[in-house]
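Residue numbering for the sequence shown follows the working numbering, beginning at 1 and increasing consecutively.
All residues carry an ideal CB built from backbone N, CA and C; glycine is no exception.
Computed from a predicted structure; not experimentally measured.
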Amino acid sequence: MENGYKLSLGSHSMATKQILAEMGYDFTNVTADIQEKGIRKKKLEDLVLTNAEGKADEILLKLGGRNQSTQASQPSLCITADTDVV
1 MENGYKLSLG
11 SHSMATKQIL
21 AEMGYDFTNV
31 TADIQEKGIR
41 KKKLEDLVLT
51 NAEGKADEIL
61 LKLGGRNQST
71 QASQPSLCIT
81 ADTDVV
């Protein structure tokens, strides 16, 4: 990434991968294996936020945990998101 960050994309979305690639970003795809179907919230906003945070937490563990970012020679940025269609 231009600013010296190691960029990780936490998504299975082909559209998101394509957008980042077209924008010229060099990134690694790291996905989370969370069980989204078991997560229920009354408000859709809460559901997608909970799913995105769950993905970020699992990917962070895969990448070495929170302490890894303070010890790494290159800072990391991980992009996660969630979408639901109603």
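Query, Result
"Beta strand (DSSP E) containing Leu77: first to last residue?", "76-80"
"Beta-carbon separation of Ser11 and Lys17 under 9 Å?", "yes"
"I need the straight-line Cα distance from Ala52 to Leu44, nearest angstrom please.", "12 Å"
"For Thr31 versus Lys55, is the C-beta spacing smaller than 9 Å?", "yes"
"Give the DSSP bridge partners of Thr28, in chain order.", "Ser8"
"With 16 as the cutoff for other CB atoms within 10 Å, does Asp82 come out buried or exposed?", "buried"
"Start and end of the alpha helix (DSSP H) containing Ile19?", "14-22"
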